[in-house]
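For reference, the structure is listed below as structure tokens.
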Amino acid sequence: AGVVVLPYQDRPVLIDLIRNARALVLLSLEEGFGVPVAEAMALGTPVLTADRGALAEIAGGAALLVDPTDAQAIADALRRIVDDAGLRATLAWRGLERAKAFAPAAFGARLTTLYDRLVDARIADGRWQGLETARGR
27 AGVVVLPYQD
37 RPVLIDLIRN
47 ARALVLLSLE
57 EGFGVPVAEA
67 MALGTPVLTA
77 DRGALAEIAG
87 GAALLVDPTD
97 AQAIADALRR
107 IVDDAGLRAT
117 LAWRGLERAK
127 AFAPAAFGAR
137 LTTLYDRLVD
147 ARIADGRWQG
157 LETARGR
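Residue numbers (the numbering used here): 27 to 163.
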């Protein structure tokens, strides 16, 4: 038992490792998006991550969150995940549900809506004259 640090793994091996792990632990102080969190949730793996920034936002209530600078809080959270099968099952289920928001179709639809809103706002305030015709409006 314990933490195992592995060298670089090919994608299929990495997916298998994450899928069969008790949890994914990602405690970065700053993260641009948090792809590993979304991937682990999509694989049904419980997540322990930082309580701030992009990681907490991506987790969206489907992960156990801790202060990444608090060693005792991290140790306590790890112990909870290892010892509590019910917690692991709950986090796995919540993660699977949360990961649906990052599926390509769902993510693409939200991105398209955002772009449409931005373009509409620019057209409405006169910044992009003539764009209505280009967009078929």
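Glycine included, every Cβ here is placed at the ideal spot set by N, Cα and C.
Computed from a predicted model, the values in this text were never measured in an experiment.
- Query: How big is the Cα-Cα spacing for Ala125 and Met67?
  - Reply: The residue you call residue 125 lines up with position 99 of the sequence shown. The residue you call residue 67 lines up with position 41 of the sequence shown. When rounded, the distance between both Cα atoms is 6 Å.
- Query: Who are the near neighbours of Ala150 in its chain, counting only those whose CB is closer than 6 Å to its CB and skipping five residues on each side?
  - Reply: One-based indexing of the sequence shown puts residue 150 at position 124. Within the same chain, no residue comes within 6 Å of Ala150 by CB-CB distance, once the 5 residues on both sides are set aside.
- Query: Going by the CB atoms, is the gap between Leu50 and Val73 shorter than 9 Å?
  - Reply: Position 47 of the sequence shown, counting from 1, holds the residue named residue 73. Position 24 of the sequence shown, counting from 1, holds the residue named residue 50. For Val73 and Leu50, yes; Cβs fall inside 9 Å.
- the stretch 77-96 / the stretch 118-137 touching (three or more Cβ pairs under 8 Å): With the cut-off at 8 Å, the stretch 77-96 and the stretch 118-137 touch.
- Task: Enumerate in chain order the residues of its own chain whose CB-to-CB distance from Val63 is below 8 Å, with the five nearest sequence positions on each side excluded.
- Result: On the sequence shown, residue 63 is found 37 positions in, with the first residue counted as 1. Same-chain partners within the cutoff: Leu50, Leu52, Val73, Thr75, Leu81, Ile84, Ala85, Ala89.
- Task: Would you mind reading off the limits of the beta strand (DSSP E) that contains Leu90?
- Result: The residue you call residue 90 lines up with position 64 of the sequence shown. 90-92 is the span of the beta strand (DSSP E), which, as asked, contains Leu90.
- Item | Where Thr75 sits in the DSSP three-state scheme | Reading the sequence shown from its first residue, position 49 is the one you call residue 75. Strand.
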